[in-house]
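Chemist:
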Amino acid sequence: MCKEKMSLAYITNYLAEREKLFEVRIEVNSTCNLRCEHCYIPNHDNIGLSYDKIINLLYQLRKIGVYDLSFTGGEIFCRKDIFSIIKKARQMGFNVTLFSNITLLDENSIKELRELFINKISCTVFSLDESINDQIMGIEGSLKKIIQNIELLIAYGINVEIKTVLMKKILIVIKIYRNFVKKEKSIIYCQQLLRKRMMAINQI
Ligand code: SF4
0 MCKEKMSLAY ITNYLAEREK LFEVRIEVNS TCNLRCEHCY IPNHDNIGLS
50 YDKIINLLYQ LRKIGVYDLS FTGGEIFCRK DIFSIIKKAR QMGFNVTLFS
100 NITLLDENSI KELRELFINK ISCTVFSLDE SINDQIMGIE GSLKKIIQNI
150 ELLIAYGINV EIKTVLMKKI LIVIKIYRNF VKKEKSIIYC QQLLRKRMMA
200 INQI
């Protein structure tokens with residue numbers, strides 16, 4: 000088989016053309032330890048489906064050929080059973096991506112995560128200026144914890160995707176942010192939309 004036909008992009012397109020479900024994102028809870036200014040979740044009070052219901056869902060998804068699986072919240076690490084859910088998903092052969100604010104992780108949980116061979120963990124940094132970042136996230140010390148955990152995740156060989164949300168108050172630090180991402184050899188999630196919005200804001 001040629002290289003192109005083995006690529007994830009080729010397989011995704013092939014299945015999309017045949018209307019086969021390949022990629023699924025599951026919101027496992029809406030509870031969260033942060034209160035970000037821009038958060039779209041009105042009440043952080045839903046603990047999500049039970050462990051058994053999620054595992055049952057995973058079996059059904061696997062049966063119909065789903066391969067790419069993302070877990071998001073709320074904050075997924077507010078769930079005590081999230082490691083068991085990820086483990087089960089990996090045992091079932093899913094390619095697992097995690098969306099998290101990563102503030103609840105520590106070295107032990109990162110070590111545990113390393114053993115699960117996930118695809119990547121995706122987090123958000125709003126600004127490298129602590130006062131801006133922490134004000135947006137609503138908790139003092141958030142940036143410090145996030146940077147510390149990004150460094151640990153990278154040190155333990157886990158792919159990290161760092162995103163940001165475009166707000167006027169963070170535009171001035173985007174350049175510094177880009178340099179940081181380059182330095183940390185992380186994957187930058189650069190949305191076309193973000194660029195378009197930046198251009199639009201620059202024209203105001
Ligand atoms: S970390 Fe995510 S879920 Fe939690 S408050 Fe911020 S935006 Fe909302």
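Take the sequence shown: its letter number 98 is residue 97 in numbering that gives the first Met the number 0, and every next letter is one higher. Glycine residues also receive a C-beta, built at the ideal position from the N, C-alpha and C atoms. Note that the structure is a prediction, hence the values are computed from the model and not measured.
If you follow the beta strand (DSSP E) that arginine 17 is part of, which residue opens it and which one closes it?
Modeler: First-last for arginine 17: undefined, no H or E at that position.
Chemist: In the DSSP assignment, find the alpha helix (DSSP H) that holds leucine 60 and state where it starts and stops.
Modeler: 50-62
Chemist: So, cysteine 77 versus threonine 30, is the Cβ gap smaller than 8 Å?
Modeler: Yes, they are a contact pair.
Chemist: Could you tell me the boundaries of the beta strand (DSSP E) in which glutamate 160 lies?
Modeler: 159-162
Chemist: Report the residue from Ile10, Ile25 and Ile81 whose alpha carbon sits nearest the alpha carbon of leucine 60.
Modeler: Ile25
Chemist: The ligand GTP heavy atoms versus the CB of leucine 33: any closer than 7 Å?
Modeler: Among the ligands in the structure shown, the ligand GTP does not appear; only the ligand SF4 can be found there.
Chemist: For aspartate 67, report the span of its beta strand (DSSP E) as first-last.
Modeler: Membership of aspartate 67 in the beta strand (DSSP E) is indicated by the continuous run 67-71.
Chemist: Which residues share a DSSP beta bridge with glutamate 26?
Modeler: Thr71
Chemist: In angstroms, rounded to a whole number, what distance separates the CA positions of glycine 156 and aspartate 44?
Modeler: 33 Å
Chemist: Taking phenylalanine 76 as part of the beta strand (DSSP E), name the residues at either end of that continuous run.
Modeler: It is not in any beta strand (DSSP E) - phenylalanine 76 carries neither H nor E in the DSSP assignment.
Chemist: Under 8 Å between the Cβ atoms of glycine 72 and valine 27?
Modeler: Cβ atoms of glycine 72 and valine 27: closer than 8 Å.
Chemist: Roughly how many whole angstroms lie between the Cα atoms of leucine 97 and leucine 20?
Modeler: 19 Å
Chemist: So, for glutamine 191: in the same chain, excluding its five sequence neighbours on each side, which residues have a beta-carbon less than 7 Å away from its beta-carbon?
Modeler: Confidence at glutamine 191 is low in this model, with a pLDDT of 43, below 50, so the placement of that residue is unreliable and no value is reported for it.
Chemist: How should aspartate 133 be labelled, buried or exposed, when 16 other C-beta atoms within 10 angstroms of its C-beta is the threshold for buried?
Modeler: buried
Chemist: Given 7 Å as the limit, tell me if glycine 72 has its C-beta closer than that to any heavy atom belonging to the ligand SF4.
Modeler: yes
Chemist: Would you mind reading off the limits of the alpha helix (DSSP H) that contains asparagine 107?
Modeler: Start and end: 106-113.
Chemist: Does serine 99 come out as helix, strand or coil in the three-state DSSP assignment?
Modeler: coil
Chemist: Closest to alanine 15 by C-alpha separation, out of Val164, Leu115, Val65 and Leu33, would be which residue?
Modeler: Val65
Chemist: Reducing DSSP to helix, strand and coil, say where serine 6 ends up.
Modeler: coil
Chemist: According to the neighbour-count rule (16 or more other Cβ atoms, all chains shown, within 10 Å of its Cβ), is leucine 57 buried or exposed?
Modeler: buried
Chemist: So which of Ser6, Lys110 and Ile117 has the shortest CA-CA distance to leucine 151?
Modeler: Measuring from the Cα of leucine 151, the nearest candidate turns out to be Lys110.
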